[in-house]
Amino acid sequence: MAEIRITFTGLIAVATGMITAIIGIIFTLIITRMLDPVEFGTWGVISVIFLSVLQIEPIISYWTTREISRGLDSAKTAILASTILSSIGIVIFLLIAYVMGNKTDTDFQILFFASFLIPLIFLNKVLLGINLGWKPHAVSYGLLVFSIVQIPMALIFVYYFNLGVYGILFSVGIAYVSSIIVYVITAWEKIKKDFQIKFLKKWFKFSWLPFYPGVAGMIYSYDVIIFSLFVGTVEGIAFWTVAILLPSIVSHSGLISTAVYPKLLKYGKMDHLQRNITQIFYFGFPLSAIVIVFAQPGLFALNPIYQIVFPVVIIMTIQTFLNTLSTVFQAILRGVETVDMDENNGFKKYIKSKLFFLPTLLIIQYSIYISSLTVMLWFASSTSSQIELLVYWSLILLITQIPFTTYHFLMVRKKMQISLEYYKLLKYFVLSIIIFSFTYYLMEQFLEFNENIFVFIPNVLFFVLIGISGYICISYLIDDRTKQLVLEIIHEIRK
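Numbering follows my numbering, with no gaps: position 285 of the sequence shown is 269.
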């Protein structure tokens, strides 16, 4: 396989991740300004159903990444298999859509039309898995193209033709096709290899293992469906979708570890793993501060009616950061697991491995989460406003996240013999508070909430730039690790 460059891949992933996050917000801004809460809530429901259906997709991509990383040529087999699996995905999607269409104010015709995206999403995910094992940095290129293409398509179909949710689906579909083209080009050397039935046999034999984590994902995705069924409308989902949009920026701090998983798959160990984890905090603390400080202006820009979910944004920012750490820790543990390298290992060996244990933890976590959410809605849905319910919802998600993130870290510390660099983490945390508190003060003094977004957004971005510049400059002056990171960036640029 191609040589995996941790720093290069991580920096490319973070840079493109931030660009795609900004583009994603612009895309959402277009649709939140053009759609009413019910229409936007419908899009939120569609997104969640997609998430449910996608839980069967790793049956292919899960093994493909591991095999490609270890020099096996399963790419063409994976692509052909994805077409078969996507047909099953369409059936699952339509069944869930039928229930949602009957029990809520969601338009079933829109849900039915959305099913055409399933084959594109499955193919895109499989190609992403191939590239992750072959050239991890290429994953960022595909994601970037996907995000960029969305904007002009949304302007054409949503803004100009005013097609509503149908316009969003057209935009996303074209964006997926563009991303697929990029992934095919970057992975062509692997894709042109022969089809091999032995991989299909293996994937079918052990399909339960990659599907097992999908059970956790399906349980997790039921939150939106349960909320909609209890409340009887998808309007609250519109507010929830907006509230989790801004905190999603924080998850991009984990992209610095993009190449860690394939690197561990290839070598079984990795130098400077502790430093890589510290870098997650270096990016995560200021990103969290940005979301919290700019939550009010961000919600106002999306649509002033969504400003009331400000408390949910704060809570979800913390939850997202913890979940990002947990995701990286799980990737590390999966990367050093070698049970699948011996083709003679059977069911008993696999259920004793981290490949089985980690999804079991997630199933427990999300089962507790969904059960708690259901109980809360049972007692509070008739006496509380939708905004209050959203606050309770976010608190439940945060509380159930904390112990599992802690346990995942303890597992990594025991397995990899590493610890957190507490002094550096404290330094980044305090610096983030100081810099962005000052930024907040300046914003309170000089930022005017103008209804014209073409005036308002550039003003907000100016204050964001002040905060980011201050954090980078001061951390460069007081932190040797930041200086080293800057030098590595310069070195990679010169290559």
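Beta carbons: idealized from backbone N, C-alpha and C, even for Gly.
- Ranked by Cα distance from L64, the options A5, T90, S355, L111 are led by L111.
- For G319, the enclosing alpha helix (DSSP H) stretches over residues 294 to 319.
- For Q401, no alpha helix (DSSP H) segment is defined, and its DSSP state is neither H nor E.
- Residue nearest to R54 within the set D324, I347, L431, R17 is D324 (criterion: CA-CA distance).
- Straight through space, the alpha carbons of P387 and I417 are spaced by roughly 25 Å.
- Its Cα nearest to that of V226, the residue G282 stands out among I276, F393, L249, G282.
- In this structure, the straight-line span from the alpha carbon of L95 to that of A81 is close to 6 Å.
- Its chain contains T90, D91, I94, V149, V218 as the residues whose beta carbon lies nearer than 7 Å to that of T26, once the 5 sequence neighbours on both sides are disregarded; these appear in chain order.
- Contact between the segment 26 to 35 and the segment 207 to 215 is established, with three or more Cβ pairs separated by less than 8 Å.
- Under the three-state reduction of DSSP output, N108 falls in the helix class.
- Secondary structure at E327: coil, using DSSP grouped into helix, strand and coil.
- In the DSSP annotation of this structure, the continuous segment of the alpha helix (DSSP H) that includes I175 starts and ends at 172 to 175.
- Taken atom to atom, the span from the alpha-carbon of F77 to that of V396 is near 36 Å.
- Residue burial annotation: H236 is buried, with at least 16 other C-beta atoms found within 10 angstroms of its C-beta.
- In terms of CA proximity to V168, L116 leads the group T4, L116, T262, E428.
- For H236, there is no enclosing alpha helix (DSSP H), as DSSP marks it with neither H nor E.
- Around the beta carbon of S421, fewer than 16 other beta carbons lie within 10 angstroms, which makes this residue exposed.
- In the structure shown, the three-state DSSP call for L229 is helix.
- Sequence-distant partners of I437 (beyond 5 residues in either direction) whose C-beta falls short of 8 Å from its own C-beta, in its chain, are L13, R17, A285.
- Exclusion of the five residues before and after I(-4) leaves H121, S124 as the residues of its chain whose Cβ lies within less than 7 Å of its Cβ.
- Every alpha helix (DSSP H) of 4 residues or more that sits fully in the segment 350 to 418 is shown, in chain order, as 370 to 400.
- In this structure E51 does not touch K109 by the C-beta definition: roughly 16 Å separates them, more than the 8 Å allowed.
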